[in-house]
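To convert, take the position in the sequence shown, counting from 1, and add 448; that gives the working numbering.
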Amino acid sequence: MDHCAVCGAEEFIPYNCRYCGGVHCVYHRLPENHECPNIAQARAPRQNVQLERRRTGTTLRLVRSPRIAMMPGREILALSVAWIVLGISFSTRWMYLGWLSQPVAFLEIFLLTLLIIGTGFLGHELAHKLVAQRYGAWAEFRLWTIGAIMALAFAAIPPGNVVFAAPGAVYIASRSRYLADVMDRKTNGIVSLVGPLVNVAAAGVAGLLYAGLSAARIGMTISGFNPLLWAIQINLWLGAFNMIPLFILDGQKVLSWNKTIWALITIPLWTATALSILLLFP
Numbered sequence: 449m450d451h452c453a454v455c456g457a458e459e460f461i462p463y464n465c466r467y468c469g470g471v472h473c474v475y476h477r478l479p480e481n482h483e484c485p486n487i488a489q490a491r492a493p494r495q496n497v498q499l500e501r502r503r504t505g506t507t508l509r510l511v512r513s514p515r516i517a518m519m520p521g522r523e524i525l526a527l528s529v530a531w532i533v534l535g536i537s538f539s540t541r542w543m544y545l546g547w548l549s550q551p552v553a554f555l556e557i558f559l560l561t562l563l564i565i566g567t568g569f570l571g572h573e574l575a576h577k578l579v580a581q582r583y584g585a586w587a588e589f590r591l592w593t594i595g596a597i598m599a600l601a602f603a604a605i606p607p608g609n610v611v612f613a614a615p616g617a618v619y620i621a622s623r624s625r626y627l628a629d630v631m632d633r634k635t636n637g638i639v640s641l642v643g644p645l646v647n648v649a650a651a652g653v654a655g656l657l658y659a660g661l662s663a664a665r666i667g668m669t670i671s672g673f674n675p676l677l678w679a680i681q682i683n684l685w686l687g688a689f690n691m692i693p694l695f696i697l698d699g700q701k702v703l704s705w706n707k708t709i710w711a712l713i714t715i716p717l718w719t720a721t722a723l724s725i726l727l728l729f730p
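Next comes the structure, spelled out in structure tokens:
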């Protein structure tokens, strides 16, 4: 595990300074925060970010800036790797059900799973990023290599029903060069909550489509695989898993902000997830 060169904090997903190559935590990631010897090479983010100084309570507001939503190549690569890892992990259970004997059908299932993960996982992470940026924070998805390996390892255990869905996360921090304080618990809790809520919404949309098509007696089965049922299961699982109040998961930040909101979201979500596993898994 890496440690920040400034404060020594253990970092599961460290930030490597592009100017000096040093390893830093999220709070010391900026060149000016770790006294980067090559700080002169750093671009002044003041040209790209416009912050509104007006406050509402303790929450900082962001004025929309064209460049703030741009994603660097390393972030696109990290998201792509995590997306593929989760696609493989969630597809493995079908391998144990004998689908490898039907390679074309298994390929169809894998591609459909990637599509479903694309809406669930990418929607979840991009929701964190965009809302954090809306509050004026720096936000970037970082791949957690150990988490990605664990996801594949758990999925490889027969019958492949257990998935450790944490190949990375969106790292968020106040733009401390311009702001005197860090994000408060409420803001951090709201930013964390939007990810699981996107999964709940995606599962709800898939459920409504499934109910509507079933009522109209329109089949959606492809090679014996129903993508809408799979979308419900995956999105519920992603949302429920991330609401666990441990580790670097969203649930820990939501619980720290408001225990009532955490319980109102987490308990029904885990109940729905358990029911989907019992009723929808073949």
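Positions of the beta carbon are idealized from the N, C-alpha and C atoms, including for glycine.
If you're wondering where the values come from, they're calculated on a predicted model, not measured in any experiment.
Host beta strand (DSSP E) of residue i (start-end)
i, result
"W586", "A585 to L591"
Check whether residue i and residue j have beta carbons under 8 Å apart
i, j, result
"C452", "C465", "no"
"A530", "L591", "yes"
"N647", "L686", "yes"
"M395", "F589", "The shown model of the chain, from 449 to 730, leaves out residue 395, and the question about it has no answer."
"A659", "I620", "no"
"A720", "L684", "yes"
"I680", "A654", "yes"
Bounding residues of the alpha helix (DSSP H) (the contiguous stretch that carries residue i)
i, result
"G566", "P551 to R582"
"T635", "R633 to A663"
"L478", "Neither: L478 is in no alpha helix (DSSP H) and is coded neither H nor E."
"A488", "Run containing A488: none; DSSP gives neither H nor E here."
"F689", "P675 to N690"
"G438", "The displayed coordinates of the chain run from 449 to 730. Any statement about residue 438 would go beyond what the structure contains."
Distance between residue j and residue i (C-alpha atoms, nearest Å)
i, j, result
"W586", "I638", "15 Å"
"L656", "A664", "12 Å"
"L694", "P479", "30 Å"
"K577", "P606", "35 Å"
"A617", "L570", "11 Å"
"P644", "S528", "20 Å"
"K634", "L641", "10 Å"
"A651", "V471", "38 Å"
"I715", "Q489", "49 Å"
"L723", "L525", "35 Å"
"L555", "W542", "11 Å"
"R582", "H572", "16 Å"
"P520", "I666", "42 Å"
"P615", "I487", "31 Å"
"I725", "N481", "47 Å"
"G608", "F558", "14 Å"
Proximal residues to residue i (C-beta, below 8 Å), its chain only, five neighbours per side dropped
i, result
"T561", "G535, F538, S539, W678 and I682"
"L600", "V533, I536 and S537"
"F602", "S537, V610, V611 and F612"
"W710", "M691, P693, G699, V702 and L703"
Bridge partners - residue i, DSSP secondary structure assignment
i, result
"E458", "H451"
"I620", "A587"
"Y463", "H472"
Proximal residues to residue i (C-beta, below 7 Å), its chain only, five neighbours per side dropped
i, result
"N706", "G637"
Same chain, Cβ closer than 6 Å to residue i, neighbours up to 5 away in sequence not counted
i, result
"F689", "A613"
"Y463", "H472 and R477"
"M668", "L661, N674 and L676"
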